[in-house]
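Scroll down for the structure; my scribbles are underneath it.
Protein chains in written order, with this note's numbering: chain B, 804 to 892; chain S, 804 to 892.
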């Protein structure tokens, strides 16, 4: 399935990625993994989802014009979770 | 905590409600209840969430200008889940 990479956007500065899943079970598993990651890191990105897609927005710190290293690392961790979710198919 | 009721919007026809939670644990519990409801009804509304809020959009059937009874019933079931989540605080 085609997947897009993170897109960096400005005003306000943020990273966005949309992920597609084959069915709701995979979507739900991924969301549960994301919840665990959020709790571990203490950072809660904005997440939108429907039956077979999840969109994630990681916003820069309030007022910052650049995404900091910690948030980029979070994006990388989400990529790993997603790669893992895809392996499970 | 102040809570809003469902708002009915048009073009496209949809119901929207934003719910606020005291902390991430409550948000997560509610999302898990929502997942169970979606699976039971076979209907997956669009959901957006952050650490302490959840926004739900129930769209009318493709091309329909009115929200049907089944979708209004779903809104009512979500209200009950949320009332239950609030009791648990």
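All C-beta atoms, glycine included, are put in the ideal place defined by N, C-alpha and C.
Problem - Pick from B:872, B:855 and B:853 that is closest to residue 861 (chain B), judged by C-alpha positions - result: B:872
Exercise for the section: Identify, in the order they occur along the chain, each residue of the same chain with its Cβ nearer than 6 angstroms to the Cβ of residue 822 (chain B), setting aside the five sequence neighbours on each side. Expected result: 857 and 885
Problem - Within chain S, the residues that residue 852 (chain B) reaches when beta carbons sit closer than 9 angstroms - result: 847, 849, 850, 851 and 852
Exercise for the section: Mark residue 815 (chain B) as exposed unless 16 or more other C-beta atoms lie within 10 angstroms of its C-beta, in which case mark it buried. Expected result: exposed
Exercise for the section: Please report the Cβ distance between residue 888 (chain S) and residue 833 (chain S), rounded to the nearest whole angstrom; I am assuming they are in contact, meaning their Cβ atoms lie under 8 angstroms. Expected result: 5 angstroms
Problem - Spatial distance of residue 828 (chain S) from residue 849 (chain S) (CA atoms) - result: 21 angstroms
Problem - When B:879, B:880 and B:859 are compared against residue 812 (chain B), the one with the closest alpha-carbon - result: B:859
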